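Here's the structure we're looking at; comments come further down.
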Amino acid sequence: MSDYKKMWADLGLNLQAHDALLSVLGKAYQDIYLAQKNRPAGMGYFDFVMSEVHGLRIKELLDEKAAGRKVIGSYCVFVPEEIALAGNATLVGLCSGADFATEEVEKLLPRNTCSLIKSSFGFKLGKVCPYLECSDMIVGENTCDGKKKAYETLKTLVPNLYVMDLPQVKSAEGRALLKAEYFRFKAAVENLTGVRIDADKLRKSIAIVNNKRKAIHRLMSLRKADPAPISGLDALLANQVFFYDNPARFTESVNKICDELETRIERKEGVFPKKTPRILISGCPMAVPNWKLPWIIETSGAVIVGEESCVGERGTRNLTADSGSTANELTEAIVDRYFKIDCAIFTPNPDRMNHIAEMAETYKADGVIHYGLQFCQPYLMEAIPVEKALESKNIPTLRIDSDYSMEDLGQLKTRVEAFVELLR
Amino acid sequence: MRYAGIDIGSRSIELVVLENQEIAESRQTDSGFNPMENAESLMQGMTYDRIAATGYGRHLFEIAYNSPTVTEIKAYAEGAKFLFPQVRTILDIGGQDSKAISLNDEGKIKKFEMNDRCAAGTGKFLEIMARSLGYGLKDFGPAALEARKDIQISSMCTVFAESEVTGLVAKGEDRREIALGLHSSAVRRALGMLKRISVNDSLVFAGGVARNPCMCQLLEKALERKILIPENPQMVGALGAALLAREIK
Ligand code: SF4
Ligand code: SF4
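Chains A and B, in that order, are what the protein sequence lines are.
For the first sequence, my numbering assigns the number 1 to the initial residue and increments by one for each residue that follows.
For the second sequence, my numbering assigns the number 1 to the initial residue and increments by one for each residue that follows.
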């Protein structure tokens with residue numbers, strides 16, 4: 001590990017704070033991930049990725065940069081990876097799932113800001129995120145009010161912030177806005193990398209990203225089996241690593257795990273016994289290392305069989321059509337694909353409601369746990385109609401509001417255990 | 001066979017032993033600073049064949065005694081059903097938390113709500129308010145019932161409510177009327193929780209706060225129905241755990 005010290009220092013990281021972060025992360029990974037039983041052998045790949053998440057992967061990115069590629073960081077699944085890749089740039093997710101430098105953060109943001117936003121600031125202010133520090137361009141997007149306004153402040157901390165506007169209504173005007181913004185983004189990427197994005201490059205990048213999604217779709221569909229062949233924690237990890245890893249290698253590794261899971265299913269083997277209560281999680285994205293709720297659920301006698309989340313099926317579910325013959329047509333196809341994302345910042349947002357019910361059925365969930373981050377208005381507001389609608393279909397639903405702290409661990413455990421008891 | 005249930009809460013520990021479908025013994029003590037030690041002395045000399053734990057400290061007990069556990073939600077539901085088979089809604093207000101549980105027609109838990117992280121409206125809230133008005137806990141409810149009108153307390157937060165109370169006392173307001181106002185405020189909190197799970201007939205009010213007559217009266221008035229109160233309302237959780245110890249193989 002010490003090999004990386006110089007690399008981290010050159011990136012401008014605060015080595016002491018960064019060491020502290022890595023040791024917390026390592027401990028959490030040990031207690032939450034490695035402590036699990038009956039894990040598929042293929043998860044070894046992800047264990048390796050996580051142990052090198054700030055090491056080898058960063059070195060790879062720096063090597064790519066030395067060879068002329070650029071790195072683009074993003075905070076939202078609305079930033080189209082196909083366009084970045086076609087322009088010879090690598091896209092990485094910057095969202096983080098742990099509180100850091102909270103005192104410093106609260107000098108810039110009100111206390112009642114969601115943990116996700118606070119954490120992004122904390123990682124910048126604490127100088128502990130090598131992904132952020134090695135990004136040549138950081139994309140912010142106008143989604144919820146919290147992020148929109150926070151980017152105004154983030155701009156003073158990161159000079160290379162590019163803000164993408166996004167629609168809030170699924171109308172023709174909304175689509176036109178998204179299209180205009182994707183064309184503007186395409187030009188900005190070309191400008192950054194000096195590469196002209198043509199039809200050929202787009203077709204290739206669409207194939208790469210689609211393959212990554214298809215591998216995840218395959219993984220998801222294997223989770224329909226009872227007993228579930230993989231834990232929700234491990235499946236979440238795959239969805240999280242989706243945002244960091246080299247796309248081709250990720251695809252290959254997920255497919256390899258899927259081969260293993262197919263054998264498990266044939267042998268009727270699972271991570272938990274057959275008839276373990278099955279839970280669908282729905283709500284705010286869970287970024288690394290925000291494993292709190294899934295961990296509580298899977299140590300309370302239930303298994304998670306799906307996540308309706310941007311780090312999950314909301315983010316990965318649709319493929320981009322690759323039939324266009326010109327760069328314009330292919331970019332239109334990208335617009336079409338992303339315009340379907342049913343994030344709660346849209347109003348109204350009936351697609352998400354339908355998708356949750358559909359997922360509950362597809363994955364044979366016994367109950368749904370809706371996860372909202374404290375102070376996240378879009379998801380907390382939708383949680384109430386979601387709960388009503390699911391209960392009217394006789395799907396038991398539990399609403400959880402939480403944050404990244406561990407203060408509510410005991411309370412959450414009791415609520416989740418009681419929910420699992422009622423599913424039995 | 002004797003089945004025991006222990007409810008290790010944040011304020012108190014209850015222990016119940018069942019024999020032939022009847023409560024053979026029940027004991028209570030404070031949780032104190034070392035709940036496991038206190039649980040052990042509470043169990044001194046008590047004989048049973050099997051024990052199950054519930055409450056906030058259930059997992060500590062599980063580790064120490066290798067016993068099965070159930071959540072307070074399930075334990076209170078089971079205990080309440082044993083005492084009142086017709087029960088469909090349970091309200092439990094304990095020392096530091098409160099919960100509302102609704103059961104379906106077969107008596108299975110359908111939905112539940114718990115208070116969030118703060119102590120507003122729980123036993124702790126009433127205890128602190130009683131003290132700041134100079135009442136003992138036992139006299140607090142009866143005193144409030146003597147009031148002719150209630151003085152609205154606008155704050156639900158224990159800390160703010162306490163300073164509001166100090167202000168009202170300084171203004172020379174009737175202590176009993178302030179007391180009634182405080183009870184109303186705790187009841188409003190409970191009603192909020194009950195509304196989220198939908199109240200059915202046959203509501204059982206359990207937990208230590210159910211011993212407060214003013215809370216019971218105000219709840220009955222607000223819900224416009226008679227509520228059922230166990231003889232030992234704080235034992236319901238331990239009783240439920242004992243019943244579940246019987247079921248677990
Ligand atoms: S929840 Fe909305 S804002 Fe957040 S990543 Fe998903 S699409 Fe973007
Ligand atoms: S969790 Fe909610 S409030 Fe936070 S960034 Fe996402 S949409 Fe905004």
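Glycine included, every Cβ here is placed at the ideal spot set by N, Cα and C.
Quantities reported herein were computed from a predicted structural model and do not represent experimental measurements.
- Between K148 of chain A and V420 of chain A, the alpha-carbon positions lie close to 37 angstroms from each other.
- Just so you know, the alpha carbons of N255 of chain A and R213 of chain A end up roughly 11 angstroms apart.
- A distance filter of 7 angstroms between CB atoms and the heavy atoms of ligand 2 selects the following residues in sequence order: A:C114, A:L116, A:I117, A:T143, A:C144, A:G146, A:K147, A:C284, A:P285, A:A344, A:I345, A:L373, A:F375, A:C376, A:Q377, A:P378, A:Y379.
- When secondary structure is reduced to three states using DSSP, T276 of chain A falls in the coil class, being assigned neither helix nor strand.
- Any Cβ of chain A closer than 9 angstroms to the Cβ of V204 of chain B would place that residue at the interface, and such an atom is absent.
- Straight-line measurement puts the Cα of C284 of chain A at about 10 angstroms from the Cα of Q374 of chain A.
- Listed as beta-bridge partners of Y75 of chain A by DSSP are no residues whatsoever.
- The residue among A:Y244, A:C76, A:N142, A:P159 with its C-alpha nearest the C-alpha of Y131 of chain A is A:Y244.
- 9 angstroms or more divides the Cβ of T71 of chain B from the Cβ of F61 of chain B.
- From the listed residues B:G207, B:M1, B:L180, B:G107, the smallest Cα separation to N20 of chain B is found for B:M1.
- Listed along chain B, the residues sitting closer than 8 angstroms to T414 of chain A by beta-carbon distance are Y56, T71, E72, I73, M114.
- Closer than 9 angstroms to the CB of K110 of chain B there is at least one CB belonging to chain A.
- Annotation: D30 of chain B is outside any alpha helix (DSSP H); the continuous beta strand (DSSP E) that includes it extends over 22-30.
- Taking the C-beta atoms as reference points, N88 of chain A is found nearer than 9 angstroms to R69 of chain A.
- Neighbourhood of G410 of chain A in chain B, by CB distance below 7 angstroms: Y56, in chain order.
- Excluding sequence positions up to five before and after L178 of chain A, its CB lies within less than 6 angstroms of the CB of P167, V335, F339, all in the same chain and listed in chain order.
- Using a Cβ-Cβ distance cut-off of 8 angstroms, the stretch 280-298 of chain A and the stretch 205-221 of chain A are not in contact, since fewer than three pairs of beta carbons, one from each stretch, lie closer than that value.
- DSSP, read as helix, strand or coil, puts H54 of chain A in coil.
- Residue state for S23 of chain A is assigned as helix, using DSSP reduced to three classes.
- Nearest to L194 of chain B by C-alpha distance, out of B:K124, B:E40, B:L91, B:N34, is B:L91.
- Contact of H183 of chain B with chain A is not assigned, every C-beta pair being separated by 9 angstroms or more.
- Interface residue (Cβ-Cβ distance to chain B less than 9 angstroms): L422 of chain A is classified as such.
- Across the stretch 377-392 of chain A, no CB contact with chain B closer than 7 angstroms is found for any residue.
- In terms of Cβ geometry, L236 of chain A and E308 of chain A do not form a close pair [threshold 9 angstroms].
- With respect to the 9 angstroms criterion, G134 of chain B and R188 of chain B are not classified as neighbours on the basis of their beta carbons.
- DSSP lists A:H370 as the bridge partner or partners of R399 of chain A.
- Take the alpha-carbon of P142 of chain B and the one of E127 of chain B: they are about 14 angstroms apart.
- Taking 9 angstroms as the cut-off, the beta carbon of L21 of chain A is found closer than this to the beta carbon of V128 of chain A.
- At least 9 angstroms separates the beta-carbon of M164 of chain A from that of G73 of chain A.
- When rounded, the separation of the alpha-carbon atoms in L116 of chain A and G174 of chain A is 26 angstroms.
- For Y3 of chain B, the beta-bridge partners assigned by DSSP are B:L18, B:R50.
- A buried status is given to N142 of chain A, since no fewer than 16 other beta-carbon atoms sit within 10 Å of its beta-carbon.
- When the Cα atoms are used, T326 of chain A and A180 of chain A turn out to be separated by approximately 17 angstroms.
- Contact between the stretch 361-368 of chain A and the stretch 276-283 of chain A is present: three or more C-beta pairs spanning the two stretches fall below 8 angstroms.
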